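Numbering (this note's numbering), first residue to last: 23 to 390. Every residue, glycine too, gets a C-beta built ideally from N, C-alpha and C. For clarity, every value in this text was computed on a predicted model and none was experimentally measured. Scroll down for the structure; my scribbles are underneath it.
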């Protein structure tokens, strides 16, 4: 009996002075923010050890070390966790502490160009607008104008990026994109970066996922701007890495063994009847701007290359895709591979070497 004034168990401790009564309501500091010594032990609110870890104020304040304080501190230190970290009644972006963070300043990337494996370009951030001033993967001031490159990974591969020939301090960032065909590109999704001091070369190597789009941002530190050379090299993988982008009327004079070529596919789907394709492959991404027929007209061969035309397949180019057009004739004679196409769709056109063949060729992508 914790309120009868009697030492019931004869241990010389009466009522609330006896540890047996520790959980009795009248023996605990039941309210930790009323300025009242509820249990009459001489300590009120957070000064009473009964209140340790207990709520003592609005927005999550609790008692700790004899004071009523906010467990998260005095600053909103996590701006995307849904919690009011500094107990001021404002969570995440509603708190002024987060007003200058990338998480609370969503900026969509504006693409300047599209690049594929094996490409190198000379470009510049001079005259580019400063749409993005910060990236979630680092704390640098990226207040210079940015140049944004869009890249499609058609196979799982290792991608090596390099930024050279700068006269000022440019940084390089990698941002995976969330969806296709209209990707949500945001600096809040920054995965990796290179930020060497001054005009030193920037380099990033990462593993790309088949079917995913990426954005590469070249941005100026502390307002810097400069010309630059950007190079993308892909290696490994299990499928065909897209190395060129073409549409109706385009032509090319190239080969299946130089920059952009891979040697990942030896056998194609049964609809392609491609066997012993042990030579390297060179892959085009073809955009159809009309309904009709695509004729891939090939000449200038010095070894046995086959051509396979396959649908986009969600951005993944591998040997599981059924061919909609092909030419697997033996020898080096001129030939045409044809397929029915639909406007606004994408297709793969793969040149591959039969029996390890490597060859130059001329190709025309004609639509009718």
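| Residue range of the unbroken beta strand (DSSP E) whose run includes residue 199 | Careful: residue 199 lies outside any beta strand (DSSP E) and carries neither H nor E.
| message | Quick check on residue 339: buried or exposed, where buried means 16 or more other Cβ atoms within 10 Å of its Cβ? | response | buried
| field | Proximity to residue 390 [Cα-Cα], best of 318, 37, 253 | value | 318
| message | Contact between the stretch 131-142 and the stretch 212-219 is defined here as three or more beta-carbon pairs at a separation below 8 Å; is this criterion met? | response | no
| query | Roughly how many angstroms separate the alpha carbons of residue 375 and residue 241, rounded to a whole number? | reply | 40 Å
| query | Under three-state DSSP, which class holds residue 203? | reply | Low confidence applies to residue 203: its pLDDT is 47, below 50, so where it sits in the model is not reliable, and the reading given next is rough at best. The answer is coil: DSSP assigns residue 203 none of H, G, I, E or B.
| message | Taking 7 Å as the threshold (C-beta atoms), are residue 313 and residue 270 in contact? | response | no
| Cβ atoms of residue 237 and residue 197: under 7 Å apart, would you say? | yes
| said: Using the Cβ count rule (16 or more neighbours within 10 Å means buried), how would you classify residue 151? | reply: exposed
| In chain order, what residues of the same chain have a beta carbon less than 6 Å from the beta carbon of residue 184, not counting five sequence neighbours either side? | 225, 253
| message | If I measure Cβ to Cβ from residue 293 and keep anything under 7 Å in the same chain, skipping five residues before and after, which residues do I get? | response | 344, 345
| request: Starting from residue 142, follow its DSSP beta bridges and name the residues at the other end. | output: 253
| Is the CB-CB distance between residue 244 and residue 172 below 7 Å? | no
| query | residue 364 by DSSP, collapsed to three states: which one? | reply | coil
| said: Bridge partners for residue 234 per DSSP, in chain order? | reply: 175
| field | Start and end residues, beta strand (DSSP E) containing residue 163 | value | Here residue 163 belongs to no beta strand (DSSP E), and DSSP marks it neither H nor E.
| So, helix, strand or coil for residue 185, using DSSP? | strand
| request: Go through its chain and collect everything with a Cβ distance to residue 96's Cβ below 8 Å, but skip five positions before and after it. | output: 108
| said: Considering just the uninterrupted stretch of the beta strand (DSSP E) at residue 333, what are its terminal residues? | reply: 327-333
| query | According to DSSP, is residue 73 helix, strand or coil? | reply | helix
| request: Give a yes or no on contact between the stretch 255-265 and the stretch 300-311, applying the rule of three or more CB pairs nearer than 8 Å. | output: yes
| Short Cβ contact (7 Å threshold) for residue 324 with residue 382 | yes
| task | Return the first residue and the last residue of the beta strand (DSSP E) that residue 90 is part of. | result | 89-91
| For residue 322, three-class secondary structure by DSSP | coil
| query | For residue 144 versus residue 222, is the C-beta spacing smaller than 7 Å? | reply | no
| request: Tell me, to the nearest whole angstrom, how far the beta carbon of residue 86 is from that of residue 99; I am working on the premise that it is less than 8 Å. | output: Residue 86 to residue 99, Cβ: 17 Å. No contact.
| task | Could you pull out every residue in the same chain whose Cβ sits closer than 8 Å to the Cβ of residue 104, ignoring the five residues on either side in sequence? | result | 113, 114
| In chain order, what residues of the same chain lie with their CB nearer than 7 Å to the CB of residue 53, ignoring the 5 residues before and after it? | 60
| request: Would you mind stating whether residue 170 and residue 247 have Cβ atoms separated by less than 7 Å? | output: no
| said: Which of the three DSSP states is assigned to residue 118 in this structure? | reply: helix
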